[in-house]
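Going by our numbering, the sequence shown opens with residue 167, and the numbers climb by one from there.
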Amino acid sequence: MQLGLDFGTSYTKLGLQHNGEFINLLGNEDEGQIPTVAAYLPSQRRLCFGPLALRIDEAGAETAFFFKLALKRQASLTLGSYSLPDLLLAFFRFLQEEYLESRGIKADSLNISVPNYFGLNSRRILLEAARQAFGVKKVFLVPEPLAAALGYNLLHPLFPLQGDILSIDIGGGTSDFSFLTLAHDKREMLVETQFQIGHDAFSGSEIDQAILQHLLFPAFTIQTGLRLPREFYSGKFTSSRNRFQYNRLRQLAEKIKIELSKEEYYHLDFPDFHAGYSLNLELTAEVLAARLEPVFERLKSYIEEQVKLRAKALHLFSADKWHIDAVLLLGGASQTRGLKDLIAGIFPVLKVICPEDPSFYVLRGLCHWENDGISIKSIYPFNFYIERIGPDGNSHILEKIPFDTANLELDLEKHYPIFSLPVDSVYNLSPDSDSVLFRVYEVEEEDNKVNLERFSGQEMVWQWEGPRQELHNYLELYLDLKKSRIESGGALSATRTLPVDSNILSGLLVRQKEIQKLMADSHSNPRLAEDFGEHLSRLEKVNKPYYNHSETTLYKLLYLLDFFTRPSN
167 MQLGLDFGTS YTKLGLQHNG EFINLLGNED EGQIPTVAAY LPSQRRLCFG
217 PLALRIDEAG AETAFFFKLA LKRQASLTLG SYSLPDLLLA FFRFLQEEYL
267 ESRGIKADSL NISVPNYFGL NSRRILLEAA RQAFGVKKVF LVPEPLAAAL
317 GYNLLHPLFP LQGDILSIDI GGGTSDFSFL TLAHDKREML VETQFQIGHD
367 AFSGSEIDQA ILQHLLFPAF TIQTGLRLPR EFYSGKFTSS RNRFQYNRLR
417 QLAEKIKIEL SKEEYYHLDF PDFHAGYSLN LELTAEVLAA RLEPVFERLK
467 SYIEEQVKLR AKALHLFSAD KWHIDAVLLL GGASQTRGLK DLIAGIFPVL
517 KVICPEDPSF YVLRGLCHWE NDGISIKSIY PFNFYIERIG PDGNSHILEK
567 IPFDTANLEL DLEKHYPIFS LPVDSVYNLS PDSDSVLFRV YEVEEEDNKV
617 NLERFSGQEM VWQWEGPRQE LHNYLELYLD LKKSRIESGG ALSATRTLPV
667 DSNILSGLLV RQKEIQKLMA DSHSNPRLAE DFGEHLSRLE KVNKPYYNHS
717 ETTLYKLLYL LDFFTRPSN
């Protein structure tokens, strides 16, 4: 049985694929999902999760909403005595015991959704927690937007998504934008880029908060003359009772959002809204839309300013025109009334696809992925830097590793060579000549402020420390996306003739030889073709297609220059 875990910012979904059938393991509980919420009870020194965590009313209790985001934004998060890895492990164990063990279900493999903007450390924490909690050796991380597209195509086999797609996932805690390339005939999926609006800009929770602050709280004040405490507006609670009450009101706001996405009218009669007073209110979809207009405007501005900028970089927007095939609108909050019309207005000539039940496409894709045989690739949105000794011989600086993540379509099942590390070099940070110390860091692609002072430590993705005598002259570093880590290969001798399977693009050397043959057969400079042939022979001996790649590129550029400057052209 293949298990799928859609670990969302606001809600978590769990399902499996068994004998070709999709089964939602959470059944009808909260419509097949549970809140991704944790609470720490100091009186019992334990954690509780899901709906129970929302009902906690105990002095000193701590509640963590959206704790998934801490993997990217706050790896040092603690809840009571639990670190973030401990918290994730406890949450996954809760799911295992509550929904699998209790039914005697034993999964063979597990696929977990992961945002593409999660780095190696975040991904590895997820992998390790899942392996321990579920007891499954085969655990895979699948980019959320690709799982969603796969899930959509499963339910719409006659009209599958194809071409260049903008996926907009309006979740409870964040909104994610992804540009995807789907080749249905070749059975390939590629995530070009994925980026996120934080929960404080536009998300389902931001909509819920707007309903509270711009609709329900003012109505309560008008009816009773009472103003709710400042905590209800800031979300920073010192009173456990107020926190408990606020959680009730957030659930109420979410219910109103859902009901008015289906109906034009909703009658609210809510007992004990605050301080023992109830709230009675007649609500209409028109009034709700008016109150949500400022929130929608933030989304519109973000698309106009940020999404277009990303699209231009990918050549998907130019001359005031989008060069994509469709917009896929997903996520529970995507059903909010007026949202589809807003998106359709921003993309007037494009097809905007908004499924009736958009919340479970990721889960369906996760449960089915391994059985589908589709190749999943990604543009990995991070650069790698190695720490080295500065020119003054005393300071340390970061040097970018020349592995072009921005332009490589990386298979999530493979590993790739990224750097041949010379041991006796400025990269050895050890002050002891008999020892070695190397460090490699990971930095978001768009981060231009790269220096050691700003690193908190969580961006370090590889370190090697030990005796110099155990190594020869070089260490080969590899990016293993399946394991979500940097690995070091065998220490190589000074000749570096050990064969290494490092073909990032299959048949690369063969294609370089075809170019060399084209040079020789054309009327180009014969010396240029001869020198390029000798260069390729040297590459073949070391079996490293990307070794000295700058020289390879130079030969091809010289050929183009020679071709376009011939008198006949």
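For each residue, glycine too, the CB sits at the ideal point set by N, CA and C. Predicted model, so just to flag it, every value in this text is computed and none were measured.
8 Å Cβ cutoff met for residue i and residue j
i: S400; j: F368; result: no
i: P524; j: G504; result: no
i: F232; j: L243; result: no
i: A441; j: L382; result: no
i: I188; j: G181; result: As written in the sequence, residue 188 is Phe, which differs from the Ile given in the question. Against a cut-off of 8 Å, the Cβ pair of G181 and F188 comes out as a contact.
i: V280; j: L261; result: no
i: E579; j: I545; result: no
i: I377; j: K423; result: yes
i: L587; j: S596; result: no
i: F343; j: V473; result: yes
i: V589; j: L643; result: no
i: G632; j: S601; result: yes
i: P111; j: E471; result: There is simply no residue 111 to check, as the chain begins at 167 and stops at 735 in what is shown.
i: I334; j: G370; result: no
i: S406; j: E397; result: no
i: L192; j: Q199; result: yes
i: L480; j: E358; result: yes
i: L245; j: E228; result: yes
i: L724; j: L694; result: yes
i: H534; j: R457; result: no
i: Q678; j: T719; result: no
i: V493; j: I469; result: no
Closest by C-alpha distance to residue i, when choosing among the options
i: S314; options: F585, V305, F306, L327; result: Note that residue 314 is Ala in the sequence shown here, rather than Ser. Among F585, V305, F306, L327, the Cα nearest to that of A314 belongs to L327.
i: S247; options: N287, A455, N277, R211; result: R211
i: A165; options: D223, L316, G370; result: In this structure the chain extends from 167 to 735, so residue 165 is not present and cannot be described.
i: Y206; options: Q199, A219, F526; result: A219
i: G339; options: E611, S596, T175, L171; result: T175
i: F386; options: L447, V627, M626; result: L447
i: F403; options: Y607, E653, E224; result: E224
i: E553; options: A510, S654, E565; result: E565
i: N549; options: V528, R409, N573; result: N573
i: E625; options: P395, G226, A241; result: A241
i: T450; options: L426, F439, D438; result: L426
i: N287; options: K648, D697, N413; result: K648
i: E608; options: H534, D577, P597, L645; result: L645
i: L276; options: H715, Q417, L532; result: L532
i: G226; options: H380, R409, L320; result: R409
i: E730; options: S703, N691, L702, R704; result: It is Phe, not Glu, that sits at residue 730 in the sequence shown. Considering only alpha carbons, the answer is N691.
i: P217; options: T178, S591, K478, S249; result: T178
i: S650; options: N282, G193, L245, P208; result: N282
i: M685; options: E717, K722, Q379, H322; result: K722
i: L321; options: R634, M167, E522; result: E522
i: H581; options: S591, D590, F569; result: F569
i: R353; options: N319, E264, P323, I540; result: I540
i: R605; options: N639, G559, I555; result: I555
i: K303; options: D274, Y640, L312; result: D274
i: H562; options: I542, Y593, F585; result: Y593
i: V627; options: L494, Y551, H715, E197; result: Y551
i: L346; options: A477, T718, P557; result: A477
i: L332; options: L312, L324, P323; result: L312
For residue i: DSSP bridge partner residues
i: M355; result: L348, I542
i: S249; result: T244
i: E631; result: L603
i: M626; result: Y607
i: C214; result: A205
i: T718; result: Per DSSP, none; premise fails for T718.
i: S586; result: E642
i: K179; result: D172
i: S688; result: S688 pairs with nothing; no bridge assigned.
i: T229; result: A205
i: N549; result: V609
i: I200; result: T178
CB contact below 8 Å: residue i versus chain B
i: R353; result: The question asks about chain B, but that chain is absent: this structure has only one protein chain.
message: For the segment 452-468 against the segment 478-485, do three or more pairs of beta-carbon atoms, one drawn from each stretch, fall closer than 8 Å, so that the two count as touching?
response: Per the Cβ contact rule, the segment 452-468 is not in contact with the segment 478-485 (fewer than 3 Cβ pairs under 8 Å).
- prompt: Taking one C-beta from the segment 246-257 and one from the segment 267-284 each time, how about it: are there three or more such pairs within less than 8 Å?
  reply: No, the segment 246-257 is not in contact with the segment 267-284.
Sequence ranges, beta strand (DSSP E) only - wholly within the segment 487-528, length at least 3: Along the length of the segment 487-528, whole beta strand (DSSP E) runs at least 3 residues long occupy 492-496, 517-519, reported in chain order.
message: Any contact between the segment 500-519 and the segment 290-307? By contact I mean 3 or more CB pairs, one from each, below 8 Å.
response: No contact exists between the segment 500-519 and the segment 290-307.
field: Sufficient close CB pairs (3 or more, under 8 Å) joining the segment 303-314 to the segment 527-537
entry: In short, these stretches touch, since the Cβ pair count reaches three.
task: Output the residue ranges of the alpha helix (DSSP H) runs that lie fully inside the segment 250-337 and measure 4 residues or longer, sorted by chain position.
output: Taking 4 residues as the shortest admissible run, the segment 250-337 contains the following complete alpha helix (DSSP H) segments, listed from N- to C-terminal end: 250-261, 286-300, 310-321.
field: Any alpha helix (DSSP H) of 4 or more consecutive residues that is wholly inside the segment 404-467
entry: The segment 404-467 contains, as complete alpha helix (DSSP H) runs of 4+ residues, the segments 406-428 (chain order).
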